[in-house]
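Residue numbers (our numbering), protein chains in the order written: chain A, 413 to 543; chain B, 2 to 137.
Here it is, written out as structure tokens:
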């Protein structure tokens, strides 16, 4: 029987073909922050279980979260949550078909990044003031 | 399902396919829709969660538990855990389906994803309930 040769199908162009745009960058960041939040959820579970377990376990977890590495992780987690939330709001607006024009969609992508950083810092300033 | 297309007549599906609302995957837009719905519920819940965490920051155990013990705080935490774990399970499923093409690994990853989400949810809910029913 004759061998059926399947010709190489053309592949759809991917990341390396296109020039990086704001919407593309923020799409990637949205997925990365989503994955980070996924693993960060374990921190919340550990914290809650420690609180339910008693003062000894809670103090131990508090000590870790209070250390410089713990604070760095929590600061990153805060930013990741806020950025993913703002990115999600942007996607919800797009889901309704609004804000698709080039200028608008790039501005919306830009502002998720520009708003997430000061918001994160603001939350931490309030957090430190509440201590 | 919400249908916000401008013109619904532009539909090539048969009337039966449309009324069933199921696509090639066999479960229609359920995954997509649940993902959006939990995205919407996450917005107020995460804002509330951040406020609760800021209230608890640096507090000794007894004071922290007294805040978490409050019914409003406990209920908001329960809702947050349910909404967030559901949303993250759906989101990670998309990532797995996008990048893991080997069938065996894909099934393993999808199972692990479900187990992880349930473990996070159950551990967190157990902790909240234990605090609510009196750990002090």
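For glycine and all other residues, C-beta sits at the position ideal for the given N, C-alpha and C.
Report the rounded CA-to-CA distance for residue 71 (chain B) versus residue 81 (chain B), giving the unit in angstroms. 15 Å
Output yes or no for whether 8 Å exceeds the beta carbon distance between residue 463 (chain A) and residue 132 (chain B). yes
Which residue spans inside the region 426 to 484 of chain A form an unbroken alpha helix (DSSP H) run of at least 4? 434 to 465, 467 to 478
Start and end residues, alpha helix (DSSP H) containing residue 512 (chain A): It is not in any alpha helix (DSSP H) - residue 512 (chain A) carries neither H nor E in the DSSP assignment.
Is residue 75 (chain B) helix, strand or coil by DSSP? helix
Can you check whether the CB of residue 76 (chain B) is closer than 8 Å to the CB of residue 68 (chain B)? no
So, with DSSP's three-state summary, where would you put residue 66 (chain B)? helix
Do you know whose CA, among A:502, A:457, A:507, lies nearest residue 86 (chain B)'s CA? A:457
Give me the Cα-Cα distance between residue 471 (chain A) and residue 484 (chain A), rounded to the nearest whole angstrom. 18 Å
Alpha carbon of residue 94 (chain B) to alpha carbon of residue 111 (chain B), nearest angstrom: 6 Å
Short CB-CB distance (under 8 Å) between residue 93 (chain B) and chain A: yes
Alpha carbon to alpha carbon, how far is residue 500 (chain A) from residue 506 (chain A)? Give it in angstroms, no decimals. 10 Å
Quick one: which chain B residues come within Cβ less than 8 Å of residue 538 (chain A)? 55
Between B:19, B:130, B:48, which lies nearest to residue 79 (chain B) when the distance is taken from Cα to Cα? B:130
C-beta neighbour in chain A for residue 104 (chain B), strict 8 Å: no
Look at the alpha carbon of residue 468 (chain A) and the alpha carbon of residue 35 (chain B), and state the distance between them as a whole number of angstroms. 39 Å
List the residues of chain A that residue 1 (chain B) touches, going by C-beta distances under 8 Å, in chain order. Past the edges of chain B, shown from 2 to 137, lies residue 1 (chain B), and the structure says nothing about it.
Any Cβ of chain B within less than 8 Å of the Cβ of residue 430 (chain A)? no
Rounded to whole angstroms, what is the Cα-Cα separation between residue 439 (chain A) and residue 63 (chain B)? 42 Å
Could you tell me the alpha carbon to alpha carbon distance between residue 480 (chain A) and residue 488 (chain A), rounded to whole angstroms? 12 Å
Considering only the beta carbon of each residue, do residue 473 (chain A) and residue 128 (chain B) sit closer than 8 Å? no
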